[in-house]
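Here the structure is laid out as structure tokens; the discussion comes afterwards.
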Amino acid sequence: MRDIPYKFLWIPHLKANSGSEMTGREYENWIERIFCRSSLSYPVLSVSVSGALAIIFLILSVNVKWFPLNPWTLTELFSMSILVGFQIFGINYILSRAEHAFSKVVVASQNSCDPGHIRSTFKEGVGSAKGYLMTVVPFMALFILIKGVELLQGLTHLFYLQEPTIWSAILDFVNQAVSFINIFLLATMVWILLNTVRTLMTLSNTEYRRSLALDILCIDRLGGLQQLRNYIVTSHVTYSIVIAFLVLSYVNPFSILYETYILLALYALSFYYVISSIGSIRKILRGHLEDQIERINEKYGRQHRKLLDLISEENESDIEHEITRIKISLDTLYTERERLLSLYYQSKGYNPKTVVQFISSFILPIIAIFEKIYLAVDVLFPK
1 MRDIPYKFLW IPHLKANSGS EMTGREYENW IERIFCRSSL SYPVLSVSVS GALAIIFLIL
61 SVNVKWFPLN PWTLTELFSM SILVGFQIFG INYILSRAEH AFSKVVVASQ NSCDPGHIRS
121 TFKEGVGSAK GYLMTVVPFM ALFILIKGVE LLQGLTHLFY LQEPTIWSAI LDFVNQAVSF
181 INIFLLATMV WILLNTVRTL MTLSNTEYRR SLALDILCID RLGGLQQLRN YIVTSHVTYS
241 IVIAFLVLSY VNPFSILYET YILLALYALS FYYVISSIGS IRKILRGHLE DQIERINEKY
301 GRQHRKLLDL ISEENESDIE HEITRIKISL DTLYTERERL LSLYYQSKGY NPKTVVQFIS
361 SFILPIIAIF EKIYLAVDVL FPK
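Mapping of the sequence shown onto UniProt numbering: residues 1 to 383, in sequence order.
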């Protein structure tokens, strides 16, 4: 928070968890036990946390004379507060949707994967303490490094330096603490999304793909994988909203600081998440169709060779009925092969509705940037 557009602050998280939807749910890893257990439903918990932070910021700001209450600072203040609660909600929401998608949509056959194996694979990945630390620690370390560099360069905006009072000191502490909390929450959300990508890539491998029971005639045109695609869409939209709130909270469109480049990298991560996840679903479906087309080709080849052998025999009158039967079989196999090829080329993994949803979510941070520009101009050049 600052006088006029100045700098980009991060914001971290609370160790809160939530979810009325989680009632009766088994927590199979530590990350669920932290983020998915609360006596309150997670929407109520998130609103409560955001509201409490907003009130704290308002109380502190009115006691710091150097802190101006204008549209710019109020937008940052409320965006920072909302972001903490929304990330608590978002992490819980993504975890619950992921569990539903991987357990209900991806149904295993009698081969190497038994029912529930894919869901367990995802939850084991998310619950990996080593992998989680390898994601969160670099985030936090980079954040601390940037804060230190900005402090040495005089870019860190501390109210206590301008107004050395207990209120300004508390405001600085709360401001930085919220930043650390949000970077932790953001790193957790990124960790979950990366595990989604990893699990989908695993599913798209031949070993797993051939063990999945897909219905190529399913109305969703995804072999029954629509729940997975819906999860990708909703998790991406949630992540994009977080990025938009980060822009509203910390980005200064007239001063590019170190955090801005990190935000651009996180924004690019959303592109990778979408393209990779949809690509994996497409690979799963097309791989399933390829396997069926390959089996048809093998049967067609056997029948065709059998037909040629029969035709080469001298006494054709005795085998006319068999030749007719084989020709009907070949026609049937050819028709089925063409139908599967048509489905193969139509299996893109997305539809126009999905494209609209993705584009809409991608432009949310862009809209937030234009909003910050408008607020900055309004503050710098008041009417």
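Backbone N, C-alpha and C define an ideal beta-carbon position, used for all residues, glycine too. All of these numbers come straight from a predicted model, not from anything done at the bench.
Between the C-alpha atoms of residue i and residue j, what's the straight-line distance to the nearest angstrom?
{"i": "residue 407", "j": "Leu289", "result": "The structure shown does not extend to residue 407, since the chain is modelled only from 1 through 383, so no value can be given for it."}
{"i": "Thr202", "j": "Lys306", "result": "40 Å"}
{"i": "Ser179", "j": "Asn70", "result": "21 Å"}
{"i": "Ala268", "j": "Glu124", "result": "26 Å"}
{"i": "Leu310", "j": "Ile275", "result": "51 Å"}
{"i": "Ser270", "j": "Leu186", "result": "13 Å"}
{"i": "Glu371", "j": "Lys147", "result": "25 Å"}
{"i": "Ser361", "j": "Ser240", "result": "6 Å"}
{"i": "Gly349", "j": "Leu222", "result": "7 Å"}
{"i": "Lys130", "j": "Tyr208", "result": "25 Å"}
{"i": "Ile319", "j": "Ile328", "result": "14 Å"}
Would you say residue i and residue j are within 7 Å of each other, going by their C-beta atoms?
{"i": "Pro253", "j": "Ile166", "result": "no"}
{"i": "Val44", "j": "Gly85", "result": "no"}
{"i": "Val174", "j": "Ser277", "result": "no"}
{"i": "Ile284", "j": "Ser204", "result": "yes"}
{"i": "Phe57", "j": "Leu83", "result": "no"}
{"i": "Ile199", "j": "Thr121", "result": "Reading the sequence as shown, one finds Thr at residue 199 and not Ile. Contact: yes."}
{"i": "Trp66", "j": "Glu163", "result": "yes"}
{"i": "Ile181", "j": "Leu228", "result": "no"}
{"i": "Val126", "j": "Ile34", "result": "no"}
{"i": "Ala368", "j": "Ala244", "result": "yes"}
{"i": "residue 389", "j": "Phe102", "result": "Residue 389 cannot be examined here, being either before or after the span of the chain that is shown, 1 to 383."}
{"i": "Ile91", "j": "Thr188", "result": "yes"}
{"i": "Leu330", "j": "Gln292", "result": "no"}
{"i": "Leu212", "j": "Leu60", "result": "no"}
{"i": "Tyr273", "j": "Leu364", "result": "no"}
{"i": "Ser249", "j": "Met80", "result": "yes"}
{"i": "Gly224", "j": "Leu214", "result": "yes"}
{"i": "Thr75", "j": "Leu263", "result": "no"}
Only counting the same chain, and skipping five residues up and downstream in sequence, which positions put a Cβ closer than 8 Å to that of residue i?
{"i": "Tyr334", "result": "Tyr300"}
{"i": "Ile326", "result": "Gln303, Lys306, Leu307, Leu310"}
{"i": "Glu322", "result": "Leu310"}
{"i": "Thr206", "result": "Gly287"}
Please return the same chain residues whose Cβ sits closer than 6 Å to the Cβ of residue i, not counting the five positions on each side in sequence.
{"i": "Gln226", "result": "Asp220"}
{"i": "Ser347", "result": "Leu285, Arg286"}
{"i": "Tyr132", "result": "Trp191"}
{"i": "Asn63", "result": "Trp167"}
Tell me which same chain residues have a C-beta within less than 7 Å of the C-beta of residue i, skipping the five on either side of it?
{"i": "Tyr231", "result": "Arg97, Ala98, Ala101"}
{"i": "Val251", "result": "Phe8, Thr260, Leu263, Ile369, Lys372"}
Closest Cβ-Cβ distance between residue i and chain D: below 7 Å?
{"i": "Asn205", "result": "No chain D appears in the structure shown, which is made up of a single protein chain."}
Validate contact between the stretch 351–370 and the stretch 295–306 using beta carbons, cut 8 Å, 3 pairs:
no
Counting Cβ pairs, one atom from each stretch, are 3 or more of them under 8 Å apart for the stretch 225–239 and the stretch 156–165?
no
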